[in-house]
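Take a look at the structure set out below.
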Amino acid sequence: GNSVTQMEGPVTLSEEAFLTINCTYTATGYPSLFWYVQYPGEGLQLLLKATKADDKGSNKGFEATYRKETTSFHLEKGSVQVSDSAVYFCALSDHDDYKLSFGAGTTVTVRA
Amino acid sequence: SAVISQKPSRDICQRGTSLTIQCQVDSQVTMMFWYRQQPGQSLTLIATANQGSEATYESGFVIDKFPISRPNLTFSTLTVSNMSPEDSSIYLCSVAETGTVYFGPGTRLTVT
Chain Z
1 GNSVTQMEGP
11 VTLSEEAFLT
21 INCTYTATGY
31 PSLFWYVQYP
41 GEGLQLLLKA
51 TKADDKGSNK
61 GFEATYRKET
71 TSFHLEKGSV
81 QVSDSAVYFC
91 ALSDHDDYKL
101 SFGAGTTVTV
111 RA
Chain A
1001 SAVISQKPSR
1011 DICQRGTSLT
1021 IQCQVDSQVT
1031 MMFWYRQQPG
1041 QSLTLIATAN
1051 QGSEATYESG
1061 FVIDKFPISR
1071 PNLTFSTLTV
1081 SNMSPEDSSI
1091 YLCSVAETGT
1101 VYFGPGTRLT
1111 VT
């Protein structure tokens, strides 16, 4: 079955630091890959996605590249802000059924 | 993207009782899902809500405990039956649209 392994947190950074959250997956076939973000007290929001190998998803300064050869979808941001403090979830779904399998989530805290 | 609302946003319930959560979408969607997020945990898919037929449950979830209705393409309900403290979680409705899965704001349930 499908599974997602995500870098465990919590992660604490200073403003303007570089952020990487590792995500690897196991899937049959060619899944779609997602990063979702949950800000404090808010619901789950789609951050970015990629639907095929070598696709790069990007949004709000965050990027992630679908790497089929390493079955990875690592999230990166070059310069984080305090407002990026949140829980980040990596997820995948098969193309046809949209049932999401989530990683454990990584709590990121950015300090001024 | 689809706008999803849920009612109630939160509730505190006595053990042994049942709670029905409503999910309303502002457009017709074919695929609708229910997830659970236990405290400090990731999200787990409960079931796919199928319009006009019985819901499809994931391993570990049964219809007697989590009955689901889907009377039309914009609305669904999830009932948490015979509740115990272990059912304390956030319950989220989600829909699939244009290759992406979107989430409602969630219902925070506390069982005492």
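First to last, the sequence lines map onto chains Z and A.
Sequential numbering of the first sequence, starting at 1, is according to my numbering.
Sequential numbering of the second sequence, starting at 1001, is according to my numbering.
By construction, the Cβ of each residue, glycine as well, lies at the ideal position given by its N, Cα and C atoms.
Here Z:K77 is buried, its C-beta having at least 16 other C-beta atoms within 10 Å. Chain Z has no Cβ within less than 8 Å of the Cβ of A:Y1057. By the Cβ-count criterion, Z:D96 is exposed, with fewer than 16 other Cβ atoms from all chains shown falling within 10 Å of its own Cβ.
As summarised for the region 15-47 of chain Z, the continuous beta strand (DSSP E) elements at least 3 residues long and confined to that stretch are 19-21, 23-26 and 32-38, given in chain order. Between A:P1085 and A:R1015, the CB-CB gap stays under 8 Å. Sorting Z:A64, Z:K99 and Z:L100 by C-alpha distance to the C-alpha of Z:C23 places Z:A64 at the top.
Of the residues Z:D55, Z:R111 and Z:L92, the one whose Cα lies closest to the Cα of Z:V82 is Z:R111. Pairwise C-beta distances place the region 18-34 of chain Z out of contact with the region 1076-1096 of chain A, as fewer than three of them are shorter than 8 Å. Of the other Cβ atoms in all chains shown, fewer than 16 fall within 10 Å of the Cβ of A:I1012; this residue is therefore exposed. Under a criterion of Cβ atoms nearer than 7 Å, no residue of chain A is adjacent to Z:T109; the nearest Cβ is some 15 Å distant. Under a 10 Å Cβ-count criterion, Z:Y66 is classified as buried, with 16 or more other Cβ atoms of the shown protein chains found around its own Cβ. In the three-state scheme derived from DSSP, where H, G and I count as helix and E and B as strand, Z:V87 is classed as strand. A Cβ-Cβ contact shorter than 8 Å links Z:Y36 with Z:A91. In the displayed model, A:E1097 falls within a strand according to three-state DSSP.
Here the alpha carbon of Z:E69 sits roughly 22 Å from the alpha carbon of Z:F62. Using a Cβ distance threshold of 8 Å, A:S1089 and A:L1109 count as a contacting pair.
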